[in-house]
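Residue numbers (our numbering): 91 to 596. The next block holds one structure in the form of structure tokens; read it before the comments.
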């Protein structure tokens, strides 16, 4: 019977630890994937953006709490894919060098040479491993790092973009968690037939981008369309991002949205005013005059905090620096009062996703906790049965002078010992399962064709397998307490047992 009690505690502890570790690991992996493309803190003024961003970045990077900052332009537009499909897409204009310093952008580049196969790719079928494609993959990676691509027809290097790996739908995700690129896609024609179009985007593919440009006051001016060669594709690990995002050079977005540096001119009211034409040297009527320079603008500055810095403290420090920056350019940039709610941490930006997964984790733990709490009643029933069998022994102890507290304490210690052994075994079993969960899952797939974590469905190739010490301690302590709790009522019963009646019963 004590062994049954130990098994009950062991199973409940192992179940809770495995559930909490996997769900917690899933949340951690999901959050880190989302964080990888937005940095730690964002300073954002959407649509029209703000000027003098280079100066703000310089002020930010001088602070010891900040490792780096980068300007970006984020907007929405329409993308025309090679098969002529029109989709809504998020467009991010970036400076690849500083953007990588803040977000580790190069780690998300997909088409690049790799030396070892991914965890699930047991037969080495990943095209990136093939030696004959190493040179091409290295070129694709270089193109992504610089956001450029060489044009064979013109003989010139052009600005290029990097697509999310799921945008075109032409990359087939295999059961090994890798992508099998299609050499060709197909476009429907008006006569009902189809024709081939490039399928592997880094090798000559391009897309059309259409955005609505704005004037300095935020009013729409006209749509701008541009053909963007594709240098590479990226995978962040968040399906919504990889399905609907494209990176393009910052300068390209500044030109398309009219956020580049420009001269401010005013019409000359004097009809008799003249000026010398700098080209011909002849005098001509003066139509306008330059009254200033409208600086280039961006919509967002991303900030990366120093290692170990508290995220909220970094956010507050960024706001202080922006306040000092705004004082230097009063009337030229948004006020610090307006920016109070526009300076946010990555946790603020991902609050909906994080809270949803946290609530789901909490709900699953609550349900498993209720199920595992039945071990309390199992221990109670086992101890009640044991006390019934030990009535004579309890009567002898009481007759020899054992106190009620002493008898009760004996059973509570017994319950504690069983709880310690059961919780220890459960923690060890849970740890072993979590650490080897992917091997166990693979064995189930090979043996019983039972695939729960399909890499074609989940973006994480492997099930998260990390046991956090604080979680293991909490589960262990709770496991011991459930056994102690289950032994309390039987212990109280044994303590109140009359020794005369106990011995007479025997």
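Glycine included, every Cβ here is placed at the ideal spot set by N, Cα and C.
query: Is the Cβ-Cβ distance between residue 133 and residue 408 less than 8 Å?
result: For residue 133 and residue 408, yes; Cβs fall inside 8 Å.
field: Whole runs of the alpha helix (DSSP H) within the segment 510-545, excluding any shorter than 4 residues
entry: Taken in chain order, the complete alpha helix (DSSP H) segments of 4 residues or longer contained in the segment 510-545 are 527-538.
- prompt: Start and end of the beta strand (DSSP E) containing residue 466?
  reply: Residue 466: not part of any beta strand (DSSP E); member of the alpha helix (DSSP H) spanning 464-479, first to last residue.
field: Pairwise C-alpha distance: residue 313 and residue 251
entry: A straight-line Cα-Cα distance of about 19 Å links residue 251 and residue 313.
task: Whole angstroms is fine: what's the gap from residue 344's alpha carbon to residue 388's?
output: One Cα belongs to residue 344, the other to residue 388, and the distance between them is close to 8 Å.
For residue 270, the residue or residues it bridges with in DSSP: 262.
- prompt: Can you name the residues that DSSP bridges to residue 140?
  reply: As computed with DSSP, residue 140 is found in a beta bridge with 388.
query: Okay, do the segment 180-192 and the segment 153-161 touch, 3+ Cβ pairs below 8 Å being the bar?
result: Here the segment 180-192 makes contact with the segment 153-161; the two share three or more CB pairs at distances below 8 Å.
query: Whose C-beta lies closer than 6 Å to the C-beta of residue 127 among residues of the same chain, with five residues either side of it excluded?
result: Within the same chain, residue 127 has close Cβ partners 193 and 326.
- request: Just the C-alpha distance for residue 99 and residue 512, rounded to the nearest angstrom, thanks.
  value: Those two C-alpha atoms are separated by around 5 Å.
Own chain partners of residue 402 with C-beta closer than 8 Å, once the 5 adjacent residues on each side are dropped: Cβ within range, chain order: 435.
field: Assigned secondary structure, residue 240 (DSSP; H/G/I helix, E/B strand, else coil)
entry: In the three-state scheme derived from DSSP, where H, G and I count as helix and E and B as strand, residue 240 is classed as strand.
- request: Classify residue 399 as helix, strand or coil using the three-state DSSP reduction.
  value: The answer is coil: DSSP assigns residue 399 none of H, G, I, E or B.
- request: Give the single residue among 399, 571 and 176 whose Cα lies nearest to the Cα of residue 155.
  value: The shortest Cα separation from residue 155 among 399, 571 and 176 belongs to 399.
query: Which one of 130, 165, 92 and 119 has the shortest CA to CA distance from residue 139?
result: Ranking the options by Cα distance to residue 139, first place goes to 165.
- prompt: DSSP puts residue 339 in a beta bridge; with which residues?
  reply: 184, per the DSSP bridge assignment.
task: Could you tell me the distance, in whole angstroms, from the CA atom of residue 301 to the CA atom of residue 316?
output: Here the alpha carbons of residue 316 and residue 301 stand approximately 9 Å from one another.
query: Hey, out of 585, 438 and 299, whose CA is closest to residue 168's CA?
result: The residue with the shortest Cα to Cα distance from residue 168 is 299.
- prompt: Leaving out five residues before and five after residue 294 in sequence, what residues of the same chain have Cβ atoms less than 6 Å from its Cβ?
  reply: If the five residues before and after residue 294 are omitted, its C-beta is found closer than 6 Å to the C-beta atoms of 288, all from its own chain and listed in chain order.
task: Would you kindly work out how many angstroms separate the C-alpha atoms of residue 478 and residue 568, rounded to a whole number?
output: For residue 478 and residue 568, the distance between alpha carbons rounds to 27 Å.
message: Can you give me the C-alpha to C-alpha distance between residue 491 and residue 484, rounded to a whole angstrom?
response: When rounded, the distance between both Cα atoms is 11 Å.
query: Can at least three beta-carbon pairs, one atom from the segment 518-537 and one from the segment 96-110, be found at a separation below 8 Å?
result: Contact between the segment 518-537 and the segment 96-110 is present, because at least three Cβ pairs lie under 8 Å.
- request: Would you mind stating whether residue 150 and residue 433 have Cβ atoms separated by less than 8 Å?
  value: Judged by their CB atoms, residue 150 and residue 433 are not nearer to each other than the 8 Å cut-off.
task: Please look up how many angstroms separate the CB atoms of residue 574 and residue 506, rounded, as I've assumed it's under 8 Å.
output: So it is a contact: roughly 5 Å between Cβ atoms.
- prompt: Taking Cβ to Cβ, would you say residue 392 is nearer than 8 Å to residue 129?
  reply: Yes, they are a contact pair.
task: Reducing DSSP to helix, strand and coil, say where residue 255 ends up.
output: DSSP places residue 255 outside both helix and strand once states are collapsed to three, so it counts as coil.
field: Own chain partners of residue 92 with C-beta closer than 6 Å, once the 5 adjacent residues on each side are dropped
entry: Counting only Cβ-Cβ distances below 6 Å, and skipping sequence neighbours, we find 508.
message: In the DSSP output, which residue or residues are listed as bridge partners for residue 326?
response: Beta-bridge annotation (DSSP): residue 326 is not paired with any residue.
message: Does the structure place the segment 446-465 close enough to the segment 169-187 that three or more beta carbon pairs sit under 8 Å?
response: They do not touch, by the three-pair rule.
message: Please give the ranges of any alpha helix (DSSP H) in the segment 215-239, keeping only runs that are unbroken, at least 4 residues long and fully inside the region.
response: Qualifying alpha helix (DSSP H) stretches, in chain order: 224-236.
task: Could you check the C-alpha separation between residue 352 and residue 141 for me, to the nearest Å?
output: In a straight line, the C-alpha of residue 352 is about 12 Å away from that of residue 141.
Euclidean distance between Cα positions of residue 341 and residue 182: One C-alpha to the other measures close to 11 Å.
message: According to DSSP, residue 166 sits in a beta bridge with which residue or residues?
response: Its beta-bridge partners are 180.
task: Go through its chain and collect everything with a Cβ distance to residue 296's Cβ below 7 Å, but skip five positions before and after it.
output: Answer for residue 296: 317, 318, 319 and 320, listed in chain order.
- prompt: In its own chain, which residues sit with a C-beta less than 6 Å from the C-beta of residue 230, not counting the 5 before and 5 after it?
  reply: Correct list, in chain order: 201, 292 and 322.
task: In angstroms with no decimal places, state the Cα-to-Cα distance between residue 269 and residue 218.
output: It is roughly 10 Å from the alpha-carbon of residue 269 to the alpha-carbon of residue 218.
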